[in-house]
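Engineer:
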Amino acid sequence: MDTENNKRLKTDDIKEIELASLLQQLIELRRDMVVYASERLEDYKECYPDNTYSASAWNLALYLALRRHDLRNLQSELSSKGLSSLGHAESHILHTINNVIRLLSLTLQTQTASTPNNIPTVDYHQGILKLKNNSSQLFGDPSGKRNVRILVTLPSHAATDYDFVKSLLEAGMNCARINCAHDSKPQWKAMIANVRKAETELGISCKIHMDLAGHKIRTGALHNSIKKNSISVSAGEKIVFSRKAQACEKAVKGDTPEQSTAVTLACTCPAIFDFIEPGEAVWIDDGKIGTIIESADADKAVLRITHVGPKGGRIKADKGLNFPETELKLPALSEKDLKDLDFVAKNADMVGFSFVQSLQDMHQLVNELNNRDAKQLPIIAKIETRRAVKKLPEILLGSIGRHVLGVMIARGDLAVELGGERMAEVQEELLWICEAAHVPVIWATQVLESLAKKGLASRPELTDAAMGERAECVMLNKGPYIQDAVRSLADILSRMEAHQQKKRAQLRALSWWRL
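In structure tokens:
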């Protein structure tokens, strides 16, 4: 009997030691978080003249401090004791850590110091409510039981086809996107008029989202002599990327090297030649063709093709160019953006900021909105470059609490900039960071693309659409079957909402047996 009691006492002693160790780790972690967050927010004191940082800014800074550490072992230990693993606490991180510390302290019958009073603590319900309210400010109130909104890019004929626009609202569209890179102001005005008319007729709210075009960095037109609307290229081939070329030209094979010329690639934005350097990558046409710069001067660069399909590739006109390793120091807003902003400021419910890359870029747009008496117009920061990913915490910390803000994860450009495998990981991190800032996210690029364009969705697309439930809004691009895509997405999101909230699983009763 004494032996059993001794074993029990030893086991209890071990458990107490383990709990005490966990408590000490959490106290030290919290102390580190508070110091780091305080120092980091100091970098943005000019953005907050009264030195009063918003609760969301504090929560984000604390979350960034936490995520500097590898917490996997600590999480396992916490879970094994029936405590929060901190894995779903993005919107209320300090509150969660305080609660775990409090529970451990009560169990061990000890007292611990609390956090400084000047740090606003967001609790579980407040974190969810802040994100919910911010989403409503941007996208309007949710439709029925579905909280995730649907944003649809309007095609040109939305300016003249009222019934088409009305059908989108009936299918479940909550926000209409106008891409300022296409169409014209009269067409934009007609699109908006059709949306407003459908809103009134159906009694359904629909916000107008207008995307600024940004700098047009694309391949130039093809030379008139090219008849197949593309230029064939192969792996290892060298092409000349020319600042002065007016059009893309195919290679010419002469009898001698001197009589031969390489493929010439023209660009719609000559200014990029001021920034590119040898050794940097250039991707063409959404990453279909990968090249590396072998040499460069003020007028041209020689590119060697490093990535292309087994049958080669084809260079076409007006296709995107990506420079993931180059710091393109272009103005945040192009001349076209500034002209379009006059219209956007008066007619849109939110403005999409293409290729924003820093807090300074955000300040420039805010100043331009102020100049147009549109200070309160919400901004959607489109994260579509490697630099924007790195600068996202800076963009958020200097903006939240001061301006209505959302973030679009432009997965297409990010896949080219980061690589598909890395993008799959980064898109998760962006979702977590934005949740910590209580900033709504738009999940964008190629969602149900096959369904919208061809009338039939692929199986991976359906799974991808379901993953969009973790954002606050999902964007669909245009296509002849877009109404079907909207209806399908609305159905998927409504179903998934019963099972998932952000990255937290919801334990609704299973229903597989009803199949």
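The sequence shown begins at 186 in our numbering and counts up by one. By construction, the Cβ of each residue, glycine as well, lies at the ideal position given by its N, Cα and C atoms. Predicted model, so just to flag it, every value in this text is computed and none were measured.
Of all the options 676, 656, 534 and 523, which has the alpha carbon lying nearest to the alpha carbon of residue 323?
Structural biologist: Among 676, 656, 534 and 523, the Cα nearest to that of residue 323 belongs to 534.
Engineer: Tell whether a beta-carbon distance below 9 Å holds between residue 418 and residue 467.
Structural biologist: Result no, Cβ atoms of residue 418 and residue 467 do not sit closer than 9 Å.
Engineer: Look at the alpha carbon of residue 194 and the alpha carbon of residue 207, and state the distance between them as a whole number of angstroms.
Structural biologist: With a pLDDT of only 46 at residue 194, under the threshold of 50, the placement of this residue in the model should not be trusted; the figure read from the coordinates follows. Looking at the two C-alpha atoms, the distance is approximately 20 Å.
Engineer: Rounded to whole angstroms, how far is the Cβ of residue 272 from the Cβ of residue 623, which I believe are closer than 8 Å?
Structural biologist: So it is not a contact: roughly 18 Å between Cβ atoms.
Engineer: For the beta strand (DSSP E) holding residue 394, just list the boundary residues, first then last.
Structural biologist: Start and end: 392 to 396.
Engineer: How big is the Cα-Cα spacing for residue 291 and residue 226?
Structural biologist: C-alpha separation (whole angstroms): 32 Å.
Engineer: For residue 329 and residue 390, what's the separation of their Cα atoms in angstroms?
Structural biologist: Going by the C-alpha atoms only, they are around 12 Å apart.
Engineer: Hey, how far is the Cα of residue 559 from the Cα of residue 516?
Structural biologist: Those two C-alpha atoms are separated by around 21 Å.
Engineer: Give a yes or no on contact between the region 332 to 340 and the region 299 to 315, applying the rule of three or more CB pairs nearer than 8 Å.
Structural biologist: No, the region 332 to 340 is not in contact with the region 299 to 315.
Engineer: Short of 6 Å in beta carbon distance, which residues of its chain neighbour residue 565, apart from the five on each side in sequence? Order them along the chain.
Structural biologist: Here the set comprises 535, 537, 591 and 593.
Engineer: Buried or exposed for residue 464, please, with buried defined as at least 16 other CB atoms from any protein chain shown within 10 angstroms of its CB.
Structural biologist: Exposed: under 16 other Cβ atoms inside 10 Å.
Engineer: So which of 243, 234, 673 and 204 has the shortest CA-CA distance to residue 262?
Structural biologist: Of the candidates 243, 234, 673 and 204, the one whose C-alpha sits nearest the C-alpha of residue 262 is 204.
Engineer: If you compare alpha carbons, which of 562, 512 and 521 is closest to residue 575?
Structural biologist: The residue with the shortest Cα to Cα distance from residue 575 is 512.
Engineer: Taking all protein chains shown into account, do 16 or more other C-beta atoms lie within 10 angstroms of the C-beta of residue 556, making it buried, or fewer, making it exposed?
Structural biologist: Answer is exposed; the Cβ neighbour count stays below 16.
Engineer: So, do the region 665 to 685 and the region 347 to 367 have three or more beta carbon pairs nearer to each other than 8 Å?
Structural biologist: The region 665 to 685, when compared against the region 347 to 367, does touch it at the 8 Å Cβ threshold.
Engineer: Would you kindly work out how many angstroms separate the C-alpha atoms of residue 588 and residue 499, rounded to a whole number?
Structural biologist: Answer to the nearest angstrom: the Cα atoms are 44 Å apart.
Engineer: I need the straight-line Cα distance from residue 214 to residue 526, nearest angstrom please.
Structural biologist: Approximately 45 Å between the Cα atoms of the pair.
Engineer: Do residue 659 and residue 636 have their C-beta atoms within less than 9 Å of each other?
Structural biologist: No, the Cβ-Cβ distance between residue 659 and residue 636 is not below 9 Å.
Engineer: Fully enclosed by the region 563 to 612, which alpha helix (DSSP H) runs are 4 residues long or longer?
Structural biologist: Counting only runs of 4 or more, we get 571 to 582 and 596 to 603.
Engineer: Hey, could you find the ends of the beta strand (DSSP E) residue 477 is sitting in?
Structural biologist: That run of the beta strand (DSSP E) goes 474 to 481.
Engineer: Could you check the C-alpha separation between residue 676 and residue 332 for me, to the nearest Å?
Structural biologist: Their backbone Cα atoms lie some 12 Å apart in a straight line.
Engineer: Report, in whole angstroms, the separation of the C-beta atoms of residue 597 and residue 631, which I expect to be a contact under 8 Å.
Structural biologist: Indeed, because the Cβ distance is near 6 Å, the residues count as touching under 8 Å.
Engineer: Just verifying my parser: in three-state terms, what is the DSSP assignment at residue 460?
Structural biologist: Looking at residue 460 - three-state DSSP - the assignment turns out to be coil, as it is neither helix nor strand.
Engineer: How many angstroms separate the CA atom of residue 202 from the CA atom of residue 684?
Structural biologist: Those two C-alpha atoms are separated by around 38 Å.
Engineer: Would the region 360 to 380 count as touching the region 392 to 401 if we require 3 or more Cβ pairs under 8 Å?
Structural biologist: Because the criterion of three Cβ pairs below 8 Å is met, the region 360 to 380 and the region 392 to 401 touch.
Engineer: Can you tell me whether residue 409 is buried or exposed, with buried defined as 16 or more other CB within 10 angstroms of its CB?
Structural biologist: So residue 409 ends up on the exposed side.
Engineer: How far does the beta strand (DSSP E) with residue 336 in it reach, from first residue to last?
Structural biologist: Run containing residue 336: 334 to 338, per the beta strand (DSSP E) assignment.
Engineer: Roughly how many whole angstroms lie between the Cα atoms of residue 701 and residue 626?
Structural biologist: Here the chain covers residues 186 to 700 and nothing more, so residue 701 does not appear.
Engineer: Among residues of its own chain, excluding the 5 on either side of residue 454, which ones have a beta-carbon nearer than 7 Å to its beta-carbon?
Structural biologist: Correct list, in chain order: 400, 401 and 402.
Engineer: Whole angstroms is fine: what's the gap from residue 655's alpha carbon to residue 615's?
Structural biologist: Their backbone Cα atoms lie some 11 Å apart in a straight line.
Engineer: Does DSSP classify residue 194 as helix, strand or coil?
Structural biologist: With a pLDDT of only 46 at residue 194, under the threshold of 50, the placement of this residue in the model should not be trusted; the figure read from the coordinates follows. In the structure shown, residue 194 sits in a helix (DSSP, three-state: H, G or I).
Engineer: Are there 16 or more other CB atoms within 10 angstroms of the CB of residue 529, so buried, or fewer, so exposed?
Structural biologist: Buried.
Engineer: CA-CA distance, residue 458 and residue 483?
Structural biologist: Roughly 6 Å separates the two Cα atoms.
Engineer: Does DSSP put residue 218 in a helix, in a strand, or in coil?
Structural biologist: In the structure shown, residue 218 sits in a helix (DSSP, three-state: H, G or I).
Engineer: Taking buried to mean at least 16 other C-beta atoms within 10 Å of its own C-beta, is residue 224 buried or exposed?
Structural biologist: Exposed.
Engineer: Return the Cβ separation of residue 274 and residue 243 in integer angstroms, given the expectation that the two are a contact with Cβ distance under 8 Å.
Structural biologist: Contact flag wrong, Cβ pair sits at about 14 Å.
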